[in-house]
Structures are given as C-alpha cells and as structure tokens.
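Per the UniProt record's numbering, residue 1 is the first one in the sequence shown, and the count goes up by one each step. For every residue, glycine included, the Cβ atom is placed at its ideal position computed from N, Cα and C. Report on one structure; see the data block that follows.
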Amino acid sequence: MSSFPTSTVLGYPRIGPRRELKRALESYWSGRSTRADLDRAGAGLRERTWRRLAELGLGGLPSNTFSLYDQVLDTAVLLGAVPERYRDAADPYFAMARGTEGLAPLRMTKWFDTNYHYLVPEIGPETVFELDASKPLGEVREARALGFETRPVVVGPVTFLLLGSALERLEEVLGCYEELLAALAAEGVAWVQLDEPALVGDRTPEELAAVRAAYERLGSAASRPGLFVASYFGDLGESLPVLAGTPVEAIGLDLVRGGVPAADLTGKIVVAGVVSGRDVWRTSPGRALAALGSVRASQVVVSTSCSLLHVPYSLTDETGLEPELRGRLAFAEEKVAEVVALAAACAPGGALFETGDGLFGGGDTLFGGDDVPSVALPSAPMPSEERSPYAVRAAAQAGHLRLPPLPTTTIGSFPQTGELRAARAAVAAGTLSQADYERRVEAEIERVIRVQERLGLDVLVHGEPERNDMVQYFAEHLDGFAVTRNGWVQSYGSRCTRPPILHGDVGRPAPITVRWAAYAQSLTSRPVKGMLTGPVTIVAWSFVRDDLPLRDVVFQVADAIRQEVRDLEAAGLSIIQVDEPALRELLPLRRSAQAEYLEWAVAAYRRATSGASDRTQIHTHLCYSDADQILAAIDGLDADVTTIESARSGARILGAVSAFGRGLGPGVYDIHSPRVPSTEEVESLLRRALEELPVERVWVNPDCGLKTRTYEEVEASLANVVTAARRLRPAL
Ligand code: GLN
Ligand code: ZN
Numbered sequence: 001m002s003s004f005p006t007s008t009v010l011g012y013p014r015i016g017p018r019r020e021l022k023r024a025l026e027s028y029w030s031g032r033s034t035r036a037d038l039d040r041a042g043a044g045l046r047e048r049t050w051r052r053l054a055e056l057g058l059g060g061l062p063s064n065t066f067s068l069y070d071q072v073l074d075t076a077v078l079l080g081a082v083p084e085r086y087r088d089a090a091d092p093y094f095a096m097a098r099g100t101e102g103l104a105p106l107r108m109t110k111w112f113d114t115n116y117h118y119l120v121p122e123i124g125p126e127t128v129f130e131l132d133a134s135k136p137l138g139e140v141r142e143a144r145a146l147g148f149e150t151r152p153v154v155v156g157p158v159t160f161l162l163l164g165s166a167l168e169r170l171e172e173v174l175g176c177y178e179e180l181l182a183a184l185a186a187e188g189v190a191w192v193q194l195d196e197p198a199l200v201g202d203r204t205p206e207e208l209a210a211v212r213a214a215y216e217r218l219g220s221a222a223s224r225p226g227l228f229v230a231s232y233f234g235d236l237g238e239s240l241p242v243l244a245g246t247p248v249e250a251i252g253l254d255l256v257r258g259g260v261p262a263a264d265l266t267g268k269i270v271v272a273g274v275v276s277g278r279d280v281w282r283t284s285p286g287r288a289l290a291a292l293g294s295v296r297a298s299q300v301v302v303s304t305s306c307s308l309l310h311v312p313y314s315l316t317d318e319t320g321l322e323p324e325l326r327g328r329l330a331f332a333e334e335k336v337a338e339v340v341a342l343a344a345a346c347a348p349g350g351a352l353f354e355t356g357d358g359l360f361g362g363g364d365t366l367f368g369g370d371d372v373p374s375v376a377l378p379s380a381p382m383p384s385e386e387r388s389p390y391a392v393r394a395a396a397q398a399g400h401l402r403l404p405p406l407p408t409t410t411i412g413s414f415p416q417t418g419e420l421r422a423a424r425a426a427v428a429a430g431t432l433s434q435a436d437y438e439r440r441v442e443a444e445i446e447r448v449i450r451v452q453e454r455l456g457l458d459v460l461v462h463g464e465p466e467r468n469d470m471v472q473y474f475a476e477h478l479d480g481f482a483v484t485r486n487g488w489v490q491s492y493g494s495r496c497t498r499p500p501i502l503h504g505d506v507g508r509p510a511p512i513t514v515r516w517a518a519y520a521q522s523l524t525s526r527p528v529k530g531m532l533t534g535p536v537t538i539v540a541w542s543f544v545r546d547d548l549p550l551r552d553v554v555f556q557v558a559d560a561i562r563q564e565v566r567d568l569e570a571a572g573l574s575i576i577q578v579d580e581p582a583l584r585e586l587l588p589l590r591r592s593a594q595a596e597y598l599e600w601a602v603a604a605y606r607r608a609t610s611g612a613s614d615r616t617q618i619h620t621h622l623c624y625s626d627a628d629q630i631l632a633a634i635d636g637l638d639a640d641v642t643t644i645e646s647a648r649s650g651a652r653i654l655g656a657v658s659a660f661g662r663g664l665g666p667g668v669y670d671i672h673s674p675r676v677p678s679t680e681e682v683e684s685l686l687r688r689a690l691e692e693l694p695v696e697r698v699w700v701n702p703d704c705g706l707k708t709r710t711y712e713e714v715e716a717s718l719a720n721v722v723t724a725a726r727r728l729r730p731a732l
C-alpha cells in the first residue's frame, strides 16, 4: 500500500468563492444557459480548488467533493438508486433535487447536527443497485490532466444505507462499492476516502456487525486502492474497535469533537482531524500538537475534523472585521494553511514551535487556546421568574385579546420583494440614506397590514421586511456578534447562509424590533404579533465562541431576547412570537448527551420568554416534521401557542402534539411550493385537526414564513385559509 500524504483535508467548499456555482445553477435552472455551461462552471471551480490547495502546500488533495447539488444525492446516483419516476425527466438529477412539473423532489433533511441539508436516498424493494462511477472517475481524470493526483471521496456504504433506512440492502450495495474500488484501482488511484459520519452516533449491535461485515469485505477486495474510512462530528466510540479490526488501512478521527482514543492503533494510519471544520477559529497549535502527539498509530496524518464545506472560503475579503477579531479567525483557506503548518511542525526537524514565528503568531494565544480566560456568566441559568400556569394565562389572554374561535394568523414573514433587497444593498453601498430606507420599510409594513386586514386575518404580523435573515438581523443589532461580507456557507443546493460570528459577550445595546412592531400595531386595531428569533436558533445558525460552554452562550443570548420581549410588551404588543426552528438541530448525536442539552435549551427559551406578563400571549414556531425526538422539550417551552409544520407530515405530528394542552397551530399548507391550496383542502385539514384537538386550542396558519413566496400566491392562499376557518366557525 502506498504511504499516505502527511497532510490533507476531508473536503472543501464548492459553491465558489463568489458563489459562482449558485449563479451557474440558477442560470441553468431558469433556461438562460445550457447543461454544458453549468458543467464548465463546475470544472472551473474544481480546477481552482485543486490549484489553490496545492499552492497552499497541502499533501493529499481530495476529489469528488464537488457536487452540483448534494454529495448524498451524488452517492445515490453512483449506486443507481434513482427512483423510477424521475428517470424520464429532462434532467433526472435536478428533478430529484428540486422536483419538476408534477413531480415532488426527494425529501431533504439536515446532515447530522449541521445546518447543511442533504437529499434523503429513497430505497425501496424496486431499487436495483447498479454502479455508475462516471463522476468520481471523471474527477480523478480531470485532476490528473491538470497534474494532480487525488483521493476520491464517496459517502460510505453504512452511512448511505442508514440515511436511506435500508441497511438490510448492505450485501447488494457492497457489490457496487467493490466494483467502484476495482475501477479506481484500474485508474491508478492510490487512496479512496469513504465517509462514515453515521458511526459517531449510537449504533446497535446489528449496525456494528454491518460495519464489520462491510469493511471486512471491502478490505479483502482483490483489486482496490488504500481504504481510508473517515468519521467526523464526534467520537467513534464503540465503532472504533470494530473498524480497527477490519483490513482498512486508514481511519479518520475527529479530534476536535472527540477525544484522542486510548486504543493502540499501531498498524493503522490515523488521519487526525485537529483543525476544526465546524468553526471559524484559528487552531490552538499547543492543543493540536498535543493531540497529534498522543495518537498511537503507524502514521499520523494532519487533517481537518470534517469537510471544510461548513466554513466560508477565505478571510481575504473580510477587511471590514475588527483586526483583533480577524486575527483570531480562520476560514477554509486559512485552515488549510494551518493543516500544512502543523504537518511541517510534526515532520522530523519541524521547527515551527522553536522559532515561534509565522502562521501561529508565535504563541498559544489564540481564541479557544489553552489559556484564554472565559468570561463568567453573570446570571443564574434558570429563569428568574416563571409565568403563571397556563389556565391562568389563557384566561387573562382571552379576556384581553377577544379572538374568534379558530383564529387565523401567519408565521411572520411576508414576501421579501426585490426592491427591499435592493434598497438594503443601496444603504450598504451608501447610495440610499438610512431615513429613506426606513420610509420604504414602513411603507412595506403598511402594505402588509392592509393586505392582512383585507384578507380578514385575526392576528397580524408586520411581515419582517427589515430583516435580511432571521438570525443575521439580530446579530447585526446585538453586541458580541460580527457579520461577514462574503462568509457564505452552503445550506443546500444553491442556497447559502452567512452565519454571523458570535465572538464576545452578548448584549442588547438598544431595542431591535420594537420600532417596527409598534409601527405596525399603530396602523391597526387588530392585534399584531411581535416577532423574535429564539436563543438556540440564533446560536445554532452562527459561528460561536468556544471558550464558554455552549449553554452559557445561549443563556447570554436568551437574556438579550428577554429584554426585547419586555420592551415589545411595554410598547403595546400583546402577542409575541419567539421562533425556535433550530431546537432539533443542536440535539447531540449521542443519546447520552441529549437530555442535558434539551434541559438547558428549554431553560434558555423560558428565560427569554418568562419576563412576559400572563396577559401577553407567547407563540413559538418550529418547522420540521421530525419533531418526535424532542416533543417533550417543545412542550417544555410552555409557549401559549405553538405553530408547527404539519401539512406534509400530517396526522402523525397532530397526534403527537395533541397532548400539549395549550394552543396549537398545525400548518394548513406547505409554503415551500407555489401551489395555492383550495378552501376545501384547508377545511379538511382543519377537520382532521379538530378530531385530535379541542377546538378552543386550534389556530389556523400556514406551515412556515411566507418570505420566499410572491404576493399573488400568498394572497390567494391566505384568502382560502381565512374562508376555510370561517366556514367551520358557525358549526362550533
Ligand atoms: N418568523 C420567521 C418567518 O416567518 C420564521 C422562519 C422559520 O421558521 N424558519 O420567516
Ligand atoms: Zn418555519
């Protein structure tokens, strides 16, 4: 077996430093360019990445980490798991990714505990696995033509099948992987990387047996490259001895999230993930070198903890950041430089530490370094006051709000128009004054209020026209956060987010949303619902400091939101919604850690909301169907009204949440599609809800915010929603 390079990364961003892939995709989807144009754009991005990694001095270059949409979808295509119904589409790949005329896309969900979304493989009795290795082989050849030998990266068989809930198909799938290995070997590929992040979660004895069987079999394949099985996002735990007992030559460990294993791995190559792929902080060389030094293996390769997909490309553009903060940061390119420097330091004669110069600035003074003092948490973790029991609150709210049965409302955002986005860009560019911008926001709020009045909604919203994003907007107005200019991270397909960087103690120097909410309320006699993002979600969708426990960081944000809740109440808002759509996302992968997380996450939410008086109605909103694991926690939030996605997940979620005993708004239509639901359809969903829930607790609302829809769609849909609710009311 050939030796492994001394440094590598598990994967790299692919959207393009200027989101070139996003533009190429959107142009292709809208028919403005051809598939050949798109493929050319992809090839350009791959070339740029390999060249850059080589320039930075990285040893092992990965390939097949590029994707036009998603690496799990790519793996499904690789293995022939393309459902029949997509095969005749003009472009089956994008039909699976995004749907097409009359054909819904594959289900999409979050990749482990990240904010990246993958397409769930659909594997049924009719699935015939059949290898199509054109993509990985094509990338190997493409790189070779540029002068680079690469290590193709493919999602491993166990993770792929676990994501597709079809582990029983292992034997068949392994046949495809064997063929793939043979094809790569024939191509002269030295190493292949099989990603098995599922192995860092709790695995049953049967699943562990599948891991053993898979890698025994692939390890004994007659013709194959060296096998590198990568794990990430945590500790391999009980999977490590299983994997170590198979013939795979190299094992990747996440030494940022997981500890250095006590096991003696001499005989294996360990690809040691000491540079975090999940945060934006510079690596503490002391810690990294200590971890590297304590791994017992035949070779220790310096690497990232996971793919760098989850961090932005480069700090080069971020000239607007405070120099002190910027000095503590590392994005993908800077992390690659760290990997290279650490590998040099580990090499015989490596002198980085003695000379104390260069990359690491001569000392272990980095953020997250060993000696950085944490800031003490100022206040106690539990809410300082609890609200009255629900019955007391409900009575106070009913007397005050005087809502009809089956009250209608929305989740907060109304369509974000191109003019608003352009106006925000103009303010940033200095071509529009803040005052002019604010007048436009007010005009939009007025429009949203009038639309809702005309449609006859009962609880109105201001429509969130001032917000670019439900997290970034708050980050821009809170102390302790910085926002980047170009720090885009892929969320799914062509979609990216720009996670704010939470780097210091969080504070709220001034009210944030009060002025807009109060303005909206001043325009109407109907109740307007104030709209805030919850502390867990703000933290989940930001890069956060790692010198404090996550819990303490979330509590600091909770305190800021608590002040905002109080100020909204004081400004006359009698309903306040605090969204917490990311509550599920931060759930630890290991069951043993979940209860503790849920306990503090719920406590943080209550801390944020418990300052409201009994008369103020607190709403919360969550938008995913796989809420099953956290139902008790959602109940624990103790919100007076919970709106939740249910149009797609249907009766299952209704049954599950019916025990809450407080207000519930199961979504009556899916906002992800431009389709306008008919009145009958909404009515029948409501009837179904009324079978499970007492009428006085049911609210009527869409599944989620309306910001990605057009006014035309929204008005037509909401008109039918209001009609459906009104039709049912007299019968009650
Ligand atoms: N209030 C937000 C909106 O309506 C909620 C978005 C979300 O749930 N992700 O857009
Ligand atoms: Zn939502």
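Backbone CA spacing between residue 113 and residue 17 [nearest angstrom]: The alpha-carbon atoms of residue 113 and residue 17 are separated by roughly 24 Å.
Just mark residue 378 as buried or exposed, buried being the case when its beta carbon has 16 or more other beta carbons within 10 Å. Bear in mind that a pLDDT of 46 at residue 378, under 50, signals an unreliable position, so the number given afterwards is only what the model happens to contain. Under a 10 Å Cβ-count criterion, residue 378 is classified as exposed, with fewer than 16 other Cβ atoms of the shown protein chains found around its own Cβ.
Excluding the 5 residues preceding and the 5 following residue 342 in the sequence, name in chain order all residues of the same chain whose CB lies nearer than 6 Å to its CB. Counting only Cβ-Cβ distances below 6 Å, and skipping sequence neighbours, we find 288, 302.
Pick helix, strand or coil for residue 704, following the three-state DSSP scheme. Three-state DSSP puts residue 704 in coil, outside helix and strand.
Taking all protein chains shown into account, decide if residue 732 is buried (16 or more other Cβ within 10 angstroms of its Cβ) or exposed. Classification of residue 732: exposed, given that the 10 Å Cβ count is below 16.
Please state whether DSSP places residue 362 in a helix, a strand or coil. Model confidence at residue 362 stands at a pLDDT of 39, short of 50, so the residue's coordinates are unreliable and nothing is read from them.
Is residue 157 helix, strand or coil by DSSP? Looking at residue 157 - three-state DSSP - the assignment turns out to be helix.
For residue 56 versus residue 290, is the C-beta distance shorter than 8 Å? Residue 290 sits away from residue 56, with the two beta carbons spaced by 8 Å or more.
Does the segment 604-620 come close enough to the segment 639-648 to have 3 or more Cβ pairs within less than 8 Å? Result yes; three or more Cβ-Cβ pairs closer than 8 Å.
Tell me, which residues are paired with residue 151 by DSSP? BP columns for residue 151 point to 62.
Beta-bridge partners of residue 300, as assigned by DSSP: BP columns for residue 300 point to 270.
Residue from 14, 701, 198 whose Cα sits closest to the Cα of residue 231: Nearest of 14, 701, 198 to residue 231, Cα basis: 198.
Please say whether residue 272 and residue 240 have beta carbons closer to each other than 8 Å? Contact flag unset, no.
In terms of residues, what are the limits of the alpha helix (DSSP H) holding residue 666? Looking at the DSSP string, residue 666 is not in any alpha helix (DSSP H); the run it does join, the beta strand (DSSP E), is 663-666.
Taking the alpha-carbon positions, what's the residue 122 to residue 134 distance? When the Cα atoms are used, residue 122 and residue 134 turn out to be separated by approximately 21 Å.
Flag this pair as yes or no: are the beta carbons of residue 474 and residue 512 separated by less than 8 Å? When the beta-carbon positions are compared, residue 474 and residue 512 come within less than 8 Å of each other.
Environment of residue 757 [buried if 16+ CB atoms lie within 10 Å]: Coverage of the chain is limited to positions 1 through 732, which leaves residue 757 absent and any answer about it impossible.
Among residues of its own chain, excluding the 5 on either side of residue 676, which ones have a beta-carbon nearer than 8 Å to its beta-carbon? Correct list, in chain order: 713, 716, 717, 720.
Any residue with its C-beta under 7 Å from a non-hydrogen atom of the ligand GLN counts. Can you list them all in chain order? This criterion selects 411, 412, 413, 464, 470, 531, 577, 579, 581, 621, 623, 704, 705, 706, 707.
Consult DSSP for residue 734 and reduce its assignment to one of helix, strand or coil. Only positions 1 to 732 of the chain appear in the structure, and residue 734 is not among them; the question remains open.
From this set, 7, 6, 25, 545, which residue's C-alpha is nearest residue 15's C-alpha? For the residues 7, 6, 25, 545, the minimum Cα distance to residue 15 belongs to 25.
Helix, strand or coil for residue 411, going by three-state DSSP, please let me know. For residue 411, the secondary structure class from DSSP, reduced to helix, strand or coil, is coil.
Environment of residue 434 [buried if 16+ CB atoms lie within 10 Å]: Residue burial annotation: residue 434 is exposed, with fewer than 16 other C-beta atoms found within 10 angstroms of its C-beta.
In whole angstroms, what separates the C-alpha of residue 703 from that of residue 653? Computed Cα separation, rounded: 12 Å.
Residue 656 versus residue 531 - alpha carbon distance: Spanning the two alpha carbons is a distance of roughly 26 Å.
Between the CA atoms of residue 313 and residue 194 - distance to the nearest angstrom: For the pair residue 194 and residue 313, the Cα-to-Cα distance works out to about 24 Å.
Do residue 668 and residue 693 come within 8 Å of each other at the CB atom, strictly closer than that value? Result no, Cβ atoms of residue 693 and residue 668 do not sit closer than 8 Å.
Identify whether residue 340 lies in helix, strand or coil by the three-state DSSP scheme. Three-state DSSP puts residue 340 in a helix.
State the Cα-Cα distance for the pair residue 58 and residue 149, rounded to the nearest angstrom. Approximately 12 Å, taken between the alpha carbons.
Looking only at its own chain, which residues have a Cβ that is under 6 Å from the Cβ of residue 558, when we skip the five neighbours before and after it? Around residue 558: 535, 604, 607, 608.
Of all the CB atoms in chain D, is at least one closer than 8 Å to the CB of residue 674? Annotation note: the requested chain D is absent from the structure, which comprises a single protein chain.
For residue 120 and residue 519, what's the separation of their Cα atoms in angstroms? Residue 120 and residue 519: Cα-Cα distance of roughly 43 Å.
Is the beta carbon of residue 279 closer than 8 Å to that of residue 546? Cβ atoms of residue 546 and residue 279: closer than 8 Å.
Buried or exposed: which applies to residue 244, given that a residue is buried once 16 or more other Cβ atoms fall within 10 Å of its Cβ? Counting of Cβ neighbours within 10 angstroms places residue 244 among the buried residues, the total reaching 16 or more.
Within the same chain, show all residues whose beta-carbon is closer than 8 Å to that of residue 771, passing over the 5 residues directly before and after it, in chain order. A question about residue 771 goes unanswered here, because the residues of the chain that appear run from 1 up to 732.
Quick one: Cα of residue 666 to Cα of residue 728, how far? Rounded to whole angstroms, the gap between the alpha carbons of residue 666 and residue 728 is 16 Å.
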